[in-house]
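Visitor: Below is the structure I would like to discuss, written out as structure tokens.
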Amino acid sequence: MADQRALEVLQRVFGYETFRAGQQSIVEHVIAGGDALVLMPTGAGKSLCYQVPALVRDGVGVVVSPLIALMQDQVDALTELGVRAAFLNSTQDWQGARDVERAFLQGEIDLLYVAPERLLTDRCIQLLERGRIALFAIDEAHCVSQWGHDFRPEYLGLSMLHERWPDVPRIALTATATDTTRREIAERLALGEARQFVASFDRPNIRYHIVEKNDVRRQLLTLLQQEHDGDAGIVYCLSRNKVEETAAFLCANGIDALPYHAGLGAALRSQNQSRFLREDGIVMVATIAFGMGIDKPDVRFVAHIDLPKSVEGYYQETGRAGRDGLPATAWLAYGLSDVVQQRRMIDESAGDDAFRRQLGAQLDAMLGLCETIACRRQRLLQYFGQTIGPCGNCDNCLQPPQAWDGTVAAQKMLSAIYRLWKERGQRYGAGHLIDILRGKLTPRVSEHGHDTLSVFGVGTDLSEQAWRGVLRQLLAYGLVIVDQEGYGTLALTNSSREVLRGERTLMLRREADRPAGRSTPKSRAADPALDAGAQAAFESLRAWRAEVARSHGVPAYVIFHDATLRDIAIARPDSLSALSHVSGVGAKKLESYGRSILERIAAFDPGDVQLGQTA
Ligand code: ADP
Ligand code: ZN
142 MADQRALEVL QRVFGYETFR AGQQSIVEHV IAGGDALVLM PTGAGKSLCY
192 QVPALVRDGV GVVVSPLIAL MQDQVDALTE LGVRAAFLNS TQDWQGARDV
242 ERAFLQGEID LLYVAPERLL TDRCIQLLER GRIALFAIDE AHCVSQWGHD
292 FRPEYLGLSM LHERWPDVPR IALTATATDT TRREIAERLA LGEARQFVAS
342 FDRPNIRYHI VEKNDVRRQL LTLLQQEHDG DAGIVYCLSR NKVEETAAFL
392 CANGIDALPY HAGLGAALRS QNQSRFLRED GIVMVATIAF GMGIDKPDVR
442 FVAHIDLPKS VEGYYQETGR AGRDGLPATA WLAYGLSDVV QQRRMIDESA
492 GDDAFRRQLG AQLDAMLGLC ETIACRRQRL LQYFGQTIGP CGNCDNCLQP
542 PQAWDGTVAA QKMLSAIYRL WKERGQRYGA GHLIDILRGK LTPRVSEHGH
592 DTLSVFGVGT DLSEQAWRGV LRQLLAYGLV IVDQEGYGTL ALTNSSREVL
642 RGERTLMLRR EADRPAGRST PKSRAADPAL DAGAQAAFES LRAWRAEVAR
692 SHGVPAYVIF HDATLRDIAI ARPDSLSALS HVSGVGAKKL ESYGRSILER
742 IAAFDPGDVQ LGQTA
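Here the sequence shown stands for residues 142 to 756, where the numbers follow the working numbering.
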């Protein structure tokens, strides 16, 4: 039975006509007092799953979130909707916290955001015990996972919520969803009894694209200039240095880029984050310290210029693109050195063998994604236990690479590696190895007498580039390792012997020939053009929104999303009641902004626009 109260809140407060797939059953389950574990991809609409029940149920919805730097924006966005929201975290002064506590006790708050470390203090627990709580929402619940990429030790303490408040429903939400993570969340948060809701993890509007790295900065610049001119986006790098260098490089090339990493100092970080959220077309160059909880809807691309450590993290990072449902790009450049570097980092990492094995398995899955010739999205979703057909919107679907039988090539390379490895104490890189295979008589080759090896010149049939591809894939598949004890030289593994003995066929990936520059055809889907009149109205509404957002000190999308302004520009409502039917216009926003929007629209006589155009 549909809960009328939930639908009423959805329409009146949020201005949305219907629940999205999955939302309704979650909302009703929580309203009825049930615990829930919700797994939904970024952008699917998790927030409503606890916000609506919090408004329907008696008392305050307490939201536990690790995202202190974003709480102000979250509260501002709710305030714009007419929801009474507040937060308690360490950015507040004493008086500010006192005011919130008082409002909480007097029942003047609907939603209270709390940082986990704050929630676990005696003071906070005592406060909550004196008030009335509608539900606990545990956002970014994967932070409880110790294997995961966002582990927060404070999250482990949250199992106490169940003990202290056994009758208050708890809803844990996350966008990461492997079975392991899901089990860990259920166990660590004492949500074993909770109903699990798993949505489809597909994000069809994101185009996945993985390229071979050669001159990565140039490749990145080409992507930004040719496909994402003026767009907001995120560029992920592994190290702080690389963040700084890449941001500087992009700026020098006329791109509005800002750096973000943990070494920058809190003030600068929050300033850069705030500019990214508030201004149009900023490119954030960042380590993975950036991005969790960023709900900017119009991030048009996410680029990785270093290999991510796991598919789980990668999917979450790329999911930050295109939350508005419009076309967006996820681009990753990856090469030989990434594999070597990541394997070394794992070898050198602190932690026991089990931990290193786990990291190794995560990396293998990531490499499998990079080297696959099948649909990327199929592969990604398979990782989360979900099945789809070929997507038609990834590089492999759009320009299928070829598979070729690389067994013989691999045998040649493996025997060359074996010969070089036997000369322990010498360290030869990939370049030298390939020179030998291709029969290039370089000074180094002569000096070591490597032109006398039986493998010298056996590989003239493949280009240097192709050989690098073979080596990269051998490393990716664990058929070659970098032997740390043997001076970092390349070495065989147990499984490489199977290939050498011809017991295993090795199918390798060969890149499709791509026209220089442009990587794939530019995404155009789902971006219906507005007619001239609507376009002019849309621009005018955006200008209006920018003014309002500035004067309220909030990001523009907190006032209205682009999608809502587009719908208004198309529908050209001439009354408040007509305007109220546009998706995203709730009661409070209608009251605050309805009249100025109608005035703005009335100033647009379509006839005028047409005249202006023909003139
Ligand atoms: P998540 O937290 O899952 O990443 P959000 O809760 O931020 O996603 O929602 C993503 C976007 O979808 C937001 O802009 C939200 O307003 C919008 N949205 C959510 N539910 C609905 C709905 N039922 N109808 C229309 N838009 C919705
Ligand atoms: Zn595909």
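Every residue, glycine too, gets a C-beta built ideally from N, C-alpha and C. A quick note: this is a predicted structure, and the numbers were derived from the prediction, not measured.
(1) Where are the beta strand (DSSP E) runs, 3 residues long or more, that stay fully inside the segment 254-295, in chain order?
(2) Three or more C-beta pairs closer than 8 Å, one from the segment 189-200 and one from the segment 354-369: is that the case here?
(3) Is the beta carbon of Val-452 less than 8 Å from the beta carbon of Leu-500?
(4) Between which two residues does the alpha helix (DSSP H) harbouring Glu-489 extend?
(5) Which of the three DSSP states, helix, strand or coil, is assigned to Tyr-157?
(6) Measure the C-alpha to C-alpha separation of Val-758 and Trp-608 and round it to an integer number of angstroms.
(7) For Gln-527 and Arg-161, what's the separation of their Cα atoms in angstroms?
(8) Taking just the CA atoms, how far does Gln-543 sit from Gln-519?
(9) Spatial neighbours of Trp-562 within its chain, please: C-beta separation below 8 Å, excluding the five flanking residues on both sides.
(10) Would you say Asp-505 and Asp-479 are within 8 Å of each other, going by their C-beta atoms?
(11) Can you tell me where the alpha helix (DSSP H) holding Leu-361 begins and where it ends?
(12) Taking 8 Å as the cut-off, decide whether the C-beta atoms of Leu-391 and Val-426 are in contact.
(13) Quick check on Trp-562: does DSSP put it in helix, strand or coil?
(14) Please identify the residue among Gly-186, Val-224, Glu-295, Glu-304 whose C-alpha is closest to the C-alpha of Gly-163.
(15) Pick helix, strand or coil for Phe-442, following the three-state DSSP scheme.
(16) Using the beta-carbon count (16 or more within 10 Å), is Ser-692 buried or exposed?
(17) Answer with buried or exposed for Thr-593, where buried requires no fewer than 16 other C-beta atoms within 10 angstroms of its C-beta.
(18) Determine the DSSP secondary structure at Lys-663, reduced to helix, strand or coil.
(19) For the beta strand (DSSP E) containing Tyr-349, name the first residue and the last one.
(20) Drop a sphere of 10 angstroms on the beta-carbon of Thr-183, count the other beta-carbons inside from all chains shown, and report buried for 16 or more, exposed for fewer.
(21) Rounded to the nearest angstrom, what separates Gly-674 and Phe-745 at their Cα positions?
(22) In the DSSP assignment, find the beta strand (DSSP E) that holds Ile-622 and state where it starts and stops.
(23) Ile-423 to Arg-271, Cα distance in whole Å?
(24) Going by alpha carbons, who is nearest to Met-648 out of Leu-539, Ala-678, Ala-617?
(25) So is Ser-718 buried or exposed if we call it buried at 16+ other beta carbons inside 10 Å?
(26) Based on DSSP bridge pairs, tell me the residues matched to Gln-543.
(27) Could you name the residues that DSSP lists as bridge partners for Gly-763?
(28) What does the alpha-carbon distance come out to for the pair Asp-488 and Met-433?
(29) Ala-147: buried (16+ other C-beta within 10 angstroms of its C-beta) or exposed?
(30) For Met-212, does the count of other Cβ atoms within 10 angstroms reach 16, so buried, or fall short, so exposed?
(31) Give the C-beta separation of Ala-712 and Leu-671 to the nearest angstrom, bearing in mind that I take them to be a contact with Cβ-Cβ under 8 Å.
(32) Note the first and the last residue of the continuous beta strand (DSSP E) segment covering Trp-425.
(33) Please report the distance separating the alpha-carbon of Cys-535 from that of Leu-574.
(34) Distance check for Asp-703 and Leu-739, CA to CA, integer angstroms please.
(35) Check Pro-531 in the structure and name its three-state DSSP category.
(36) Rounded to a whole number of angstroms, what is the C-alpha to C-alpha distance between Val-216 and Trp-235?
Guide: According to the structure shown:
(1) 274-279
(2) Remark: fewer than three beta-carbon pairs, one from each stretch, lie closer than 8 Å, so the segment 189-200 and the segment 354-369 are not flagged as touching.
(3) For the pair Val-452 and Leu-500, the CB atoms are not nearer than the 8 Å cut-off.
(4) Element bounds for Glu-489: 477-489.
(5) coil
(6) The structure shown does not extend to residue 758, since the chain spans only 142 to 756, so no value can be given for it.
(7) 19 Å
(8) 17 Å
(9) Asp-624, Gly-627, Thr-630, Leu-631, Ala-632, Leu-633
(10) no
(11) 357-368
(12) yes
(13) helix
(14) Gly-186
(15) strand
(16) By the C-beta density criterion, Ser-692 is exposed, having fewer than 16 other C-beta atoms within 10 angstroms.
(17) Exposed, by the Cβ-count rule.
(18) Note that Lys-663 has pLDDT 47, beneath the 50 cutoff, so the model's placement of it is unreliable and the number below is only indicative. In the structure shown, Lys-663 falls within a coil segment according to DSSP collapsed to helix, strand and coil.
(19) It spans 347-353 - the beta strand (DSSP E) in which Tyr-349 sits, taken as one unbroken run.
(20) buried
(21) 8 Å
(22) For Ile-622, the enclosing beta strand (DSSP E) begins and ends at 621-624.
(23) Their Cα atoms are separated by approximately 45 Å.
(24) For Met-648, the nearest C-alpha among the options comes from Ala-617.
(25) Classification of Ser-718: exposed, given that the 10 Å Cβ count is below 16.
(26) Arg-651
(27) An answer regarding residue 763 cannot be provided, because it is not within the stretch 142 to 756 covered by the chain.
(28) 28 Å
(29) buried
(30) buried
(31) That belief does not hold up - the Cβ atoms of Ala-712 and Leu-671 are roughly 12 Å apart, past 8 Å.
(32) Sequence inspection shows Met at residue 425; the Trp mentioned does not correspond to that position. Its beta strand (DSSP E) spans residues 424-427.
(33) 33 Å
(34) 17 Å
(35) Three-state DSSP puts Pro-531 in coil, outside helix and strand.
(36) 19 Å
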